[in-house]
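Okay, structure first, notes after.
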Amino acid sequence: MEVKRYPLIARLKSVSKLPLKRRFTSNFELLDQNKVLFVDAKLQDLKPGVKLEGVLRRLDYEGKDGLIMYGIAYRPVFQETLAFITRPKPLVIAPTQYA
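Below you can see the structure in the form of C-alpha cells.
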C-alpha cells in the first residue's frame, strides 16, 4: 500500500467539474489519480492561485453496518494567520535549597 502525504496549505493550480458520467467515481479513485476534493466552496470561488487548507471530511459511507471512511479535502483558507506567535522560552527555575 502506497502512503501519500498531502500538504496542509496549498495553492490551487487548476479546477474542473467532473463530467456527468464520472460523478459516481469513488472519492478514493480521484485521490489515487492525484486529484483532490473541494468542500465548502462554490465553483466561482475557486480560481487559480487561491490558497487552500486541508480539512478532514467523510469521504465514503457504507451504510449502517459498514465502514465510514475519512480523508483529506480542501477548501479556501477560512482565516488567514495574521501573525506567527513564537513559543515562549521555558523559565529556568533554580532547584530548591534545604537548610
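This note's numbering applies: residue 25 is where the sequence shown begins, and numbers increase by one.
By construction, the Cβ of each residue, glycine as well, lies at the ideal position given by its N, Cα and C atoms.
Between residue i and residue j, what straight-line distance do the alpha-carbon atoms span, to the nearest angstrom?
i, j, result
"Pro100", "Lys59", "16 Å"
"Pro31", "Arg47", "25 Å"
"Leu131", "Lys28", "Summary: the structure shown does not reach residue 131, with the chain confined to residues 25 through 123, and so no result is reported for it."
"Lys71", "Thr49", "24 Å"
With a threshold of 16 other CB atoms inside 10 Å of the CB of residue i, please say whether the residue is buried or exposed.
i, result
"Tyr85", "exposed"
"Tyr98", "buried"
"Leu76", "buried"
In chain order, what residues of the same chain have a beta carbon less than 8 Å from the beta carbon of residue i, not counting five sequence neighbours either side?
i, result
"Val63", "Val79, Arg81, Ala97, Tyr98 and Arg99"
"Phe52", "Leu83, Asp84, Met93 and Gly95"
Measuring alpha carbon to alpha carbon, tell me which of the options ends up nearest residue i.
i, options, result
"Gln103", "Lys28, Arg29, Ile33 and Glu26", "Ile33"
"Gln68", "Lys45, Pro43, Ser38 and Leu55", "Ser38"
Skipping 5 residues on each side, what residues in its chain have a beta carbon closer than 7 Å to that of residue i?
i, result
"Ile92", "Arg82 and Tyr85"
Anyone know if the C-beta pair for residue i and residue j falls short of 9 Å?
i, j, result
"Gly87", "Arg35", "no"
"Leu54", "Leu44", "no"
Starting from the C-beta of residue i, find all residues in its chain whose C-beta is less than 6 Å away, skip the five residues before and the five after it, and write them out in chain order.
i, result
"Ala65", "Arg99 and Pro100"
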